[in-house]
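Encoded as structure tokens, the structure appears first; notes follow it.
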Amino acid sequence: MSATPTTQNSRFDTVKWVIVLALVIIGVVGNSVYSDQSLLYRTLALVALAGVALFVVLQTAKGRGYAVSFKEARKEIRKVVWPNRQETTQTTLIVVVVVLIMALLLWGLDSLLSWTVSSLIG
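Here this note's numbering is used: the first residue of the sequence shown is 2, the next is one more, and so on.
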């Protein structure tokens, strides 16, 4: 009994993906055909087509899976403990100081090696 809905679901999903592909093609061709029209109108039309295509995609099994993954990712982002302004400033200053120290060390090493090689070569 569970195999029948999956088969029909996948068959309808294929039709839905064909509809999405047709909407994308209509958007690309329509944008080219109506290139003499205002950019605002073409952009609004493309946004509307993208909205309809997204709605159709979300009706498919893969689209629902992506929507669930997106919602779970947003939940995980909310769980992150973000640093406050003071922690961010301190970390940034530490990174800048370490980069400057490393730059000076590498500059000194480069100068020393350059002086050594030029002394040996003559």
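Positions of the beta carbon are idealized from the N, C-alpha and C atoms, including for glycine.
For this session: Would you mind giving the Cβ-Cβ distance between Val131 and Ala54, rounded to the nearest angstrom? I have them listed as a contact below 8 angstroms.
Result: Residue 131 falls outside the range modelled here, since the chain spans only 2 to 123, and no answer is possible.
For this session: Find out if the Cβ-Cβ distance for the pair Asp14, Ala62 is shorter than 7 angstroms.
Result: yes
Problem set entry | Beta-carbon proximity check, Leu47 vs Gly28, cutoff 7 angstroms | yes
For this session: Scan the region 56-91 and note each continuous alpha helix (DSSP H) run of 4 residues or more that stays entirely inside, going in chain order.
Result: 62-80
Exercise. DSSP three-state call for Gly31: helix, strand or coil?
Worked result: helix
Exercise. Going by the beta-carbon positions, is the gap between Ala68 and Leu59 smaller than 7 angstroms?
Worked result: yes
Exercise. What number of angstroms, rounded off, separates the C-alpha of Leu110 from the C-alpha of Leu94?
Worked result: 24 angstroms
For this session: Please check if any C-beta of chain C sits within less than 7 angstroms of the C-beta of Gly31.
Result: Reference to chain C is not applicable here, since this structure consists of a single protein chain.
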